[in-house]
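Line by line, the protein sequences give chains H and C. For what it's worth, the working numbering labels the leading residue of the first sequence as 23, then goes sequentially. For what it's worth, the working numbering labels the leading residue of the second sequence as 9, then goes sequentially.
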Amino acid sequence: MIKNLDFLGKPSIEKISLFVGLGASLFVLGVVDLLLNSFFGFNLTSFLPRWLNYLTPLIFCFLGLHYIRIDYSGNKNLDRLNKNLNSNWFNSLLSILIIFSLILSIPPILDWLFFDANFSGETKEECTGDGACWIFIKIWLPRFIYGMYPLTEIWRINTTFVLLIGLVILLFVSPQKYKKYLVIFLLFVFPFIMINLLSGGNFGLKWVETNSWGGLSLTFIISIFALIFCFPVGIFLALGRRSSAPVTRYSSIGFIEFWRGVPLITVLFMASVMFPMFLPDGTYMDKLIRVIIAITLFEAAYMAEVIRGGLQALPRGQYDAGKSLGMGYWKLHLLVIMPQALKLVIPGIANTFLALVKDTPLILVVGLLELVGMIDMAKTNPKWLGFAAEGYVFAGVVFWIICYSMSRYSQRLEKRYKTDR
Amino acid sequence: MDIKNTTKSLIGTFEGNKKLKRFLPQFITVVAIVFIFGFFAFNASVNMDNRGIDFGLRFLGEESSFDIQFSLIEYSGSSSYARAYLVGLLNTILVASIGIFFATIIGVVVGISRLSSNYLIYKVSEWYIEIFRNIPLLLQLFFWYFAVLRLLPLPQNSEILLGFSYLTIKGWYVPAFIWNNLNIFLYSVIAVIISIIFVRNYARKLQENQGKQLPVLAISLSLLIILPLLSFLIGGVTLSFDHPELIQLSDTIYGFRGGVSIPPELMALAAALSLYTATFIAECVRAGIMGVGKGQKEAAGSLGLTPGQTLKLVVMPQALRIIIPPTTNQYLNLTKNSSLAAAIAYPDLVLVFAGTAMMQTGRAIEIVSITMLTYLSLSISISIFMNWYNKKIAIKEK
């Protein structure tokens with residue numbers, strides 16, 4: 023079939039200008055036909071029978087790419103094009119199909135997102151275009167970020183996160199000598215300052231119930247606390263699973279496999295409805311704390327498996343060398359084993375943390391509303407019905423930026439700490 | 009002098025007593041575990057006494073008196089809680105199987121596309137993976153359900169799709185199968201499976217003993233067509249379709265009579281689960297194919313194997329060894345993630361049992377435990393199977 027296309031002779035380097043000219047114009051003709059057809063309602067080839075007419079853009083482009091396909095043409099750009107998009111007839115067909123679907127899908131999406139969208143205004147009625155109504159996001163933005171936190175008090179959330187970011191930046195730029203103290207401060211002192219600032223109740227700060235926390239800040243709060251806590255728990259579980267003592271080993275295995283075997287949603291149900299039954303009568307534990315503990319234990323089980331992978335990958339010689347230097351169990355693990363094992367599993371740790379961030383929206387099933395939960399609430403507000411798509415696209419972009427940048431950062435870390443062994 | 013020696017030897021015995029050193033931490037662990045569980049159990053019994061609830065599974069036999077929107081087996085309000093549990097479990101298994109089916113297909117295609125020499129295909133599949141796996145699954149689920157499927161037309165405005173079905177906001181209406189003598193058809197299918205296994209074993213033996221090769225694929229395919237066909241021609245099996253028909257229920261409300269309705273919740277859940285999990289499967293597939301060294305293919309080629317044989321006999325067995333364990337993990341994740349159904353009110357195990365049934369009975373401990381144990385036993389049985397399979401396909405070094 024392919025050979026029949028070569029009535030002009032096989033595309034060759036001798037007649038390169040003829041073939042490239044012919045191929046390029048056929049390709050352009052196909053694209054123009056498609057564009058006219060789909061966006062201007064004008065059909066160039068309406069004289070042809072309907073089934074053929076429908077396929078003309080495809081046929082034009084296919085022929086065009088066939089005539090361009092000249093091996094070792096001597097033209098650098100043409101060779102690169104042929105190699106990457108047009109190496110055989112199947113590849114050229116796939117390329118054409120992808121180009122066509124991009125041409126057909128990108129303009130409507132851009133129209134919806136930007137060109138037909140409404141940006142200025144205060145109410146739903148000002149959304150007149152066919153596109154997205156970003157006014158919805160603009161009006162609800164404080165709620166999406168701070169939840170139902172009293173608007174007069176949001177400076178406290180801002181201060182907390184500015185402090186946190188500032189401390190983290192300080193950690194990166196400070197000299198090696200002080201890093202240790204900064205880390206200790208960040209892990210053991212700062213969380214208490216954070217809780218105190220956020221919930222208040224003393225130092226003249228107004229008490230804010232955790233029920234009114236929400237939005238993106240709640241996502242961050244839960245992720246940060248769960249990350250801080252799940253690390254040590256995960257390390258202990260991983261060491262326990264590799265211990266030679268049967269009780270320690272089997273209880274660690276049981277614990278890890280239990281949490282890994284159940285979905286997070288049931289864990290959250292357990293934290294919200296079952297766990298209060300296990301507490302002494304009359305005691306009450308805040309729902310947010312219960313949820314953070316549940317998420318911590320859940321992620322710690324995954325973290326433990328990741329860390330165990332790193333421990334297993336270390337050669338036995340590392341243990342023997344440490345022991346022959348007279349190190350005890352904890353000293354050996356703290357100074358020799360853990361630094362190497364953790365370095366090996368940076369991608370795994372990053373993946374676990376990413377999974378944690380992506381799991382936080384689930385807390386809406388127990389009534390805590392972080393970003394996705396707030397959007398879910400806002401879209402059922404009678405004044406703002408019908409903006410589900412805008413809300414979810416917004417939340418999707420926010421989460422995507424967070425997760426994508428984190429995965430990129432972990433790739434960089436992995437490269438930086440890569441040492442030859 | 010004497011005292012000094014005694015102290016030394018005492019310390020020596022303690023230090024040297026490895027047994028004690030080994031035993032003490034374990035003993036502490038056991039005591040701690042027993043204490044925590046005992047504490048919880050004690051509190052739970054006090055709390056339940058105070059609220060006048062007794063502990064037990066007898067409620068499973070009681071009448072549930074709630075309705076479930078979508079169920080694969082007969083169910084009504086007068087059925088028991090145990091039956092409601094079964095309905096939820098079957099719905100979970102249904103959506104998980106659909107998700108696994110599509111996730112595998114999309115994952116394999118995208119995973120292979122990631123290795124394509126075609127720049128566009130490579131980039132498109134890369135961006136698909138980067139986009140879909142960095143957005144929370146719940147968000148994707150909400151997007152499909154509340155933003156995309158809500159754009160579908162009402163029943164009266166819907167157009168016929170693919171010549172036999174209607175895609176509407178209330179669900180996807182497809183023809184129902186009406187079988188006659190279904191059991192004979194099923195027998196023929198079982199016969200096909202058995203004979204294919206037999207043919208494969210025979211072909212392997214022939215290959216090992218005499219070096220002859222049977223066209224196994226062609227034989228299997230023809231068996232797959234011929235035997236069920238025979239069941240139609242001779243066995244008296246008939247198949248007819250019950251097409252959905254648009255009817256007017258009242259002035260403004262339209263509906264469909266006949267056919268089967270696939271609820272939008274199921275579609276949204278299947279779409280979100282399969283598109284999300286496919287990104288992870290794609291990475292597993294890519295890693296598997298890249299994990300087979302180039303030398304393997306070249307060696308196979310120099311032995312005179314055709315490209316098809318190389319793929320089937322050399323590359324795939326080695327690639328599968330790398331692909332299958334992480335992919336099973338993804339299948340397990342998908343099954344666990346299907347519990348997100350509760351967020352869009354698809355009646356799966358969590359919504360029916362841990363949601364509605366718990367609200368009605370108030371038995372938090374029993375119901376949450378049963379739900380968790382169900383998922384746990386599902387996960388553990390799959391992982392036991394996987395460990396066995398891994399051992400079986402692991403490279404056996406001599």
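Positions of the beta carbon are idealized from the N, C-alpha and C atoms, including for glycine.
{"query": "Euclidean distance between Cα positions of residue 311(C) and residue 323(C)", "result": "14 Å"}
{"query": "Neighbouring residues, chain B, relative to residue 245(H) (Cβ below 9 Å)", "result": "Annotation note: the requested chain B is absent from the structure, which comprises protein chains H and C."}
{"query": "Stretch pair the stretch 361-369 of chain C + the stretch 90-97 of chain C: three plus CB contacts closer than 8 Å", "result": "yes"}
{"query": "Interface flag, residue 256(C) vs chain H, CB-CB below 7 Å", "result": "no"}
{"query": "Within-7 Å CB hit, residue 324(H) to chain C", "result": "no"}
{"query": "Candidates 78(C), 133(C) and 55(C): closest to residue 268(C) by CA position", "result": "78(C)"}
{"query": "Continuous alpha helix (DSSP H) stretch holding residue 264(H): start and end", "result": "237-264"}
{"query": "DSSP-derived helix/strand/coil call for residue 273(C)", "result": "helix"}
{"query": "Among 258(H), 35(H), 37(H) and 231(H), nearest to residue 330(H) - alpha-carbon criterion", "result": "258(H)"}
{"query": "Span of the alpha helix (DSSP H), counted from its first residue to its last, around residue 177(H)", "result": "176-195"}
{"query": "Positions along the stretch 385-402 of chain H whose CB lies within less than 9 Å of some CB in chain C", "result": "386, 387, 393, 394, 397, 398 and 401"}
{"query": "Run of the beta strand (DSSP E) containing residue 175(C), from where it starts to where it stops", "result": "173-176"}
{"query": "Three-way DSSP call (helix, strand, coil) for residue 169(C) in this model", "result": "strand"}
{"query": "Interface flag, residue 37(C) vs chain H, CB-CB below 7 Å", "result": "yes"}
{"query": "Partners in chain C for residue 303(H), counting only beta-carbon separations shorter than 9 Å", "result": "51, 54, 55 and 58"}
{"query": "Supposed close pair residue 241(H), residue 390(H) - CB separation, criterion 8 Å", "result": "Incorrect: roughly 10 Å between the Cβ atoms, too far for contact."}
{"query": "DSSP three-state assignment for residue 77(H), whether helix, strand or coil", "result": "helix"}
{"query": "Beta-carbon proximity of residue 49(H) to residue 86(H), cut-off 7 Å", "result": "yes"}
{"query": "Chain C within 7 Å of residue 425(H), Cβ atoms only", "result": "yes"}
{"query": "Residue 141(H), DSSP secondary structure in three states", "result": "coil"}
{"query": "Whole-angstrom distance between residue 224(H) and residue 218(H), CA atom to CA atom", "result": "8 Å"}
{"query": "Close beta carbons around residue 106(C), own chain, < 7 Å, minus the five adjacent residues each side", "result": "278"}
{"query": "Spatial distance of residue 56(C) from residue 289(C) (CA atoms)", "result": "46 Å"}
{"query": "Between the CA atoms of residue 139(H) and residue 157(H) - distance to the nearest angstrom", "result": "9 Å"}
{"query": "CA-to-CA distance, residue 256(H) to residue 340(H), given in whole angstroms", "result": "21 Å"}
{"query": "Chain H contact for residue 364(C) (CB, 7 Å cutoff)", "result": "no"}
{"query": "Member of 375(C), 391(C) and 395(C) whose CA lies at the smallest distance from the CA of residue 63(C)", "result": "375(C)"}
{"query": "Cutoff 7 Å: residue 508(H) Cβ touching any chain C Cβ", "result": "It is not possible to answer for residue 508(H), since the shown part of chain H is limited to 23 through 443."}
{"query": "Members of the stretch 133-150 of chain C that neighbour chain H once the beta carbon cut-off is set at 9 Å", "result": "138, 139, 141, 142, 143, 144, 145, 146, 147, 148 and 150"}
{"query": "One or two residues paired with residue 91(C) in a DSSP bridge", "result": "DSSP lists no partner for residue 91(C)."}
{"query": "Simplified DSSP state of residue 200(H), which is helix, strand or coil", "result": "helix"}
{"query": "Contact between the stretch 124-131 of chain C and the stretch 114-122 of chain H (3+ Cβ pairs under 8 Å)", "result": "yes"}
{"query": "Start-to-end residues for the beta strand (DSSP E) that takes in residue 248(C)", "result": "246-250"}
{"query": "Buried versus exposed, by CB contacts within 10 Å (16 or more), residue 396(H)", "result": "buried"}
{"query": "Residue-chain proximity (residue 380(C), chain H), Cβ-Cβ < 7 Å", "result": "yes"}
{"query": "Residue 262(C), DSSP secondary structure in three states", "result": "strand"}
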